[in-house]
Amino acid sequence: MSAPRATVRLQLHAGFTFEDACAQLPYYAALGISHLYLSPITQARDGSSHGYDVIDHGTVSASLGGEAALAHLAHQARSLGMGLIADIVPNHMAAHPSNAWWADVLRHGRNSPHARCFDIDWCPPERATHGKILLPILAEPYGVSLDAGDVTLAHDAGTNEYSIAAGGIRLPVASDFSPGEAAPAAVLAGHDPASTSGKACLHALLERQHYRLAWWRTGPEQINWRRFFEINELVGVRVEDDAVFDAVHALAMRLYRTGILDGLRIDHVDGLASPGRYLRRLRSLLLAAGGERERAGLPPSPYLVVEKILAHGETLDSRWPADGTTGYDFMDQASALLHDPAAQPALEALWRDISGDARDAATQLRATRTRILTRHFPAELRSLLQALARLAELDPRTRDWTHAMTHRVLSALLAAFPVYRTYAEDGGRSEADQASFQIATRLALSALGGRADGAEGRLLSQLDQWLDGAHSVATHGGGQEQAVEVEDAGAHALRRFQQLTPPLAAKSLEDTLFYRYAPLLSRNEVGSSAERFALSRSDFYSLAMDRAKTHPQAMLATATHDHKRGEDVRARLAVLTEAPEKWASAALAWMPRLAPADLPAYTDRYMLLQSLVGAWPLELRTERLDQDATAAGAFLDRIGAWQQKALREAKLHTSWIAPNLPYERAARHCVEALSNTSTGRTLLHEIGEFAQRVAPAGLINSLTQTLLRNTLPGVPDLYQGTELWDFSLVDPDNRQPVDYPARTALLASHDVRNAMDMSAAAWRSGAIKQSVIQRALILRARHPGLFNGAHYRQVAVHGPRAENVIAYLTSEGDKHLLIVAPRLCALDLVAYTQGQAGSARDYWDGTYLELPLSGNGPAFQDVLSGRSLPLFPATRLPVAALLRACPIALCAAGDMTLQ
1 MSAPRATVRL
11 QLHAGFTFED
21 ACAQLPYYAA
31 LGISHLYLSP
41 ITQARDGSSH
51 GYDVIDHGTV
61 SASLGGEAAL
71 AHLAHQARSL
81 GMGLIADIVP
91 NHMAAHPSNA
101 WWADVLRHGR
111 NSPHARCFDI
121 DWCPPERATH
131 GKILLPILAE
141 PYGVSLDAGD
151 VTLAHDAGTN
161 EYSIAAGGIR
171 LPVASDFSPG
181 EAAPAAVLAG
191 HDPASTSGKA
201 CLHALLERQH
211 YRLAWWRTGP
221 EQINWRRFFE
231 INELVGVRVE
241 DDAVFDAVHA
251 LAMRLYRTGI
261 LDGLRIDHVD
271 GLASPGRYLR
281 RLRSLLLAAG
291 GERERAGLPP
301 SPYLVVEKIL
311 AHGETLDSRW
321 PADGTTGYDF
331 MDQASALLHD
341 PAAQPALEAL
351 WRDISGDARD
361 AATQLRATRT
371 RILTRHFPAE
381 LRSLLQALAR
391 LAELDPRTRD
401 WTHAMTHRVL
411 SALLAAFPVY
421 RTYAEDGGRS
431 EADQASFQIA
441 TRLALSALGG
451 RADGAEGRLL
461 SQLDQWLDGA
471 HSVATHGGGQ
481 EQAVEVEDAG
491 AHALRRFQQL
501 TPPLAAKSLE
511 DTLFYRYAPL
521 LSRNEVGSSA
531 ERFALSRSDF
541 YSLAMDRAKT
551 HPQAMLATAT
561 HDHKRGEDVR
571 ARLAVLTEAP
581 EKWASAALAW
591 MPRLAPADLP
601 AYTDRYMLLQ
611 SLVGAWPLEL
621 RTERLDQDAT
631 AAGAFLDRIG
641 AWQQKALREA
651 KLHTSWIAPN
661 LPYERAARHC
671 VEALSNTSTG
681 RTLLHEIGEF
691 AQRVAPAGLI
701 NSLTQTLLRN
711 TLPGVPDLYQ
721 GTELWDFSLV
731 DPDNRQPVDY
741 PARTALLASH
751 DVRNAMDMSA
761 AAWRSGAIKQ
771 SVIQRALILR
781 ARHPGLFNGA
791 HYRQVAVHGP
801 RAENVIAYLT
811 SEGDKHLLIV
821 APRLCALDLV
831 AYTQGQAGSA
841 RDYWDGTYLE
851 LPLSGNGPAF
861 QDVLSGRSLP
871 LFPATRLPVA
881 ALLRACPIAL
891 CAAGDMTLQ
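First residue of the sequence shown? That's 1 in the UniProt record's numbering, and the numbers climb one at a time after it.
This is the structure we're talking about:
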């Protein structure tokens, strides 16, 4: 087994363990998957549903079955010609006492040998926190919590250890606490906050700890350790320290060296201090294990991909020794290809009318970044300002830049930054880094209303110099000692800057703007840009070929555990761009009927309508709504859960930290009224009828998306369960249990030797999607040379429907594979989904492909229909002949049977 051919992402937790994954190996092998791509497998907090809150990097999760069960899974997978890839989390751990490293730091402070593991500022501006870790875990201010008895001293009779009970957890007590021979009951009574003396003793004990308990609201402004985003429950890990790196990766390296794992997925690579250095070291260690693996009959080359969001126009850093990204970039591109650019002006105009906000997406994003920076990351901004202030002090020419001035200019720079981060390591920025900084500087100067030769321009230029990674600050005769200090201060400032911009970017765009700016929700997805609505055929193909040249083994995903809407929800909503006027007319008529009062806002109603139409289940028929009240109720419950999360993430009318319950009740009433009032049921019926009219067209788009993912260069990545139609919403809805018996039975009914079932029933069940995946993956397995990206060519299309056809050819010797799919015409092709292909294919009359082959065209066979295509002279193939039975075609020439 070499590099992955096709992966499936599995979400592991106590309800779906290694044993459960093992039971599904035959199914995934039959589907054509080569590797299981597992969510984090290390020990996480008790009850973790995702595994990212790691408490022990050196142990395989006991709740998943432990290392023996993982080894058994690997053995069984290998017996079927499959392997395992694991998601690892080097950037953060759970900030919880069950994390032994963190607990030791809480007990011993900066003297703990594990203090180097975490990015802690032991000398923050607040003197009360000097030498301490701020723990913002109290529901009320410290004094109030103490008075209320919400903080107490506790004793464990089993271990005879004392702890501090606060915020629902037990915290270790500093090692110098020595109650002597006193009985535990007496010690607890002496520290009981119910009495004046007990509270005083408890307070005195707390003041001697290496942590400071605080109200949760102090976190954003005063926290003195790096978090994952703004999550106080996750603490950043310093893998830039070699000893910490070794400790974090020891298990993964052993599992790779012994053949249990074949590759790694690096979570949130942008959170690391030096991603390039990190990846070079990791790749080197993996390669060093190659000899041992080869002697055991295992492939010696590791597979290494990174979770990286690429901004519009950004490419993966060429200096990184990674096989590619986890596929968010492809997910965005495949979706953008299915959106008609002609609809963008109308949909954006509709949104402006509904919202009353005339600002474009870019302007709104900069405003959102400013708000997020101020409200969610003030502590991180303060740390960066301190680092820059130290740099300024070291040079007489810059020491007059004031804190207030630097704060204002730096904030504008951060708000304007166009990518997640720069990678100014190893002596400076890359050309791409430099270009990003120049864009940010120009936009910041414009926002500040300054001039290049004015104070703002000069300070921006200075920030550019300080943060370029070269640390070229003049020391004016300060000598070698000061030069070293300048270099250290510059590196510190750069690290603070580069570890602030990623969470700021993600929190501003994915977790805020995409919940408050919604001309069309299908374009609000992880990996998408608020400024790119659609993508042309040529641009899509160019991006695919560029990726094939630089990272031919990058993952190709269309659904993930992070997606905000399932791949088939997005495909259905894309249909609205084919008839924006009809959609606008319907939505404008429905919005006032959702609620008689002013609340909720029309923007929230409009997003609700999009979600109802996009996620409407295929099996929920409007003619049976009254009989299917349970199914309708379950759907509306899912919509209600999505709605609450969406409203709070938007942070306009309510939020997670300050819920506006009356507003949320008004919004929830919109959903509930659809089933419990007569007017609501009438409206729900109308919405459902509209959804059912566009749903078949959405399936056409979905099939196009499926075919592209499984036939373009790269590694197709399937998210668990999405081999059938996926109308999920944001997590936790997209992490629901998968009905494997149904999928296994459906797959068993396929026979790749015969024509694919294209009946209306196969469309409704999703069997047609599953079958396309299987057939494409079988071809990838038997003819890998066709898919390595070396011989792909775009096929010219001519005729009246030329712009509606995506076509490309890949060849290896006398073997050819022709891929054809429709775009921006799904509403015209719905007859395919009703078993009436004869009327649907008339749409293609007069449109033909011109194959980039010499002489007459080869004899093609349609892998999907099993039909041999008639030979046509001059390598011209009528699209109507190719799409005779199905809206997509996968045609093979040469010795390429599926048997």
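Glycine included, C-beta positions come from ideal geometry on N, C-alpha and C. Quantities reported herein were computed from a predicted structural model and do not represent experimental measurements.
Query                                                                                                                      : Result
Start-to-end residues for the beta strand (DSSP E) that takes in N232                                                      : I231 to G236
Between the CA atoms of S839 and A760 - distance to the nearest angstrom                                                   : 14 Å
Rounded straight-line distance, which links the Cα of A29 to that of M1                                                    : Note that M1 scores a pLDDT of 46, beneath 50, so its modelled location is shaky; the value from the coordinates is reported in the next line. Answer to the nearest angstrom: the Cα atoms are 13 Å apart.
Buried or exposed (CB count within 10 angstroms, at least 16 for buried), R709                                             : buried
Buried/exposed call for R359, threshold 16 Cβ in 10 Å                                                                      : exposed
V8 versus L890, Y719, R775 and D637, residue with shortest Cα-Cα distance                                                  : Y719
Span of the alpha helix (DSSP H), counted from its first residue to its last, around V486                                  : G479 to L509
Separation of L310 from H476, as counted between CA atoms                                                                  : Residue placement at H476 cannot be trusted, given a pLDDT of 49 that sits under 50; the coordinates are not used to answer.
Residue 925 - partner residues in DSSP beta bridges                                                                        : Because the chain is modelled from 1 through 899, residue 925 falls outside the range shown and cannot be assessed.
Beta-ladder partner(s) of E850, from DSSP                                                                                  : A796 and R876
Three-state secondary structure (DSSP) of A557                                                                             : strand
Continuous alpha helix (DSSP H) assignments of at least 4 residues falling wholly in the segment 647–705                   : 661–676
Option nearest Q845 by Cα separation, candidates A165, A767 and L829                                                       : Before going further, note that residue 845 is Asp rather than Gln in the sequence given. Answer by Cα proximity: L829.
Buried versus exposed, by CB contacts within 10 Å (16 or more), L316                                                       : buried
Alpha-carbon to alpha-carbon, M93 and E67                                                                                  : 20 Å
Contained beta strand (DSSP E) runs [length at least 3] in the segment 73–99, N- to C-terminal order                       : 83–88 and 92–94
Meets three-Cβ-pair contact criterion under 8 Å: the segment 231–248 and the segment 93–102                                : yes
Straight-line gap, P184 to P141 (C-alpha atoms, nearest Å)                                                                 : 28 Å
First through last residue of the alpha helix (DSSP H) which encompasses W583                                              : P580 to L594
Length of the line joining the Cα atoms of D511 and A650                                                                   : 7 Å
H13 in three-state terms, based on DSSP                                                                                    : strand
Extent of the continuous beta strand (DSSP E) run through I354                                                             : I354 -> not in any beta strand (DSSP E); alpha helix (DSSP H) instead, spanning Q344 to S355.
In DSSP terms, what W266 is bridged to                                                                                     : The amino acid at residue 266 is misidentified as Trp; the sequence shows Ile. According to DSSP, which records beta bridges pairwise, I266 is partnered with I88 and V306.
Beta-bridge pairing of A821 - partner residues as DSSP gives them                                                          : I806
Beta-carbon proximity check, A548 vs G835, cutoff 9 Å                                                                      : no
Range covered by the alpha helix (DSSP H) that runs through H203                                                           : T196 to E207
When W320, G291, R293 and L298 are compared against L282, the one with the closest alpha-carbon                            : W320
H407, enclosing alpha helix (DSSP H) - first and last residue                                                              : H403 to A416
Residue closest to P878, alpha-carbon to alpha-carbon, out of P800, D814 and V863                                          : P800
Cβ-Cβ distance between L467 and A615 below 9 Å                                                                             : no
Local Cβ density within 10 Å of A885, reported as buried at 16 or more and exposed below that                              : buried
Among N99, D757 and R782, the one whose alpha carbon lies nearest that of Y832                                             : D757
Segment contact, 8 Å Cβ cut-off, at least three pairs: the segment 495–504 with the segment 324–336                        : no
Distance, H312 Cα to R532 Cα                                                                                               : 7 Å
Beta-carbon contacts of L652 that lie in its chain and below 6 Å, excluding the five residues immediately before and after : R516
Any 3 or more C-beta pairs closer than 8 Å across the segment 729–748 and the segment 573–586                              : no
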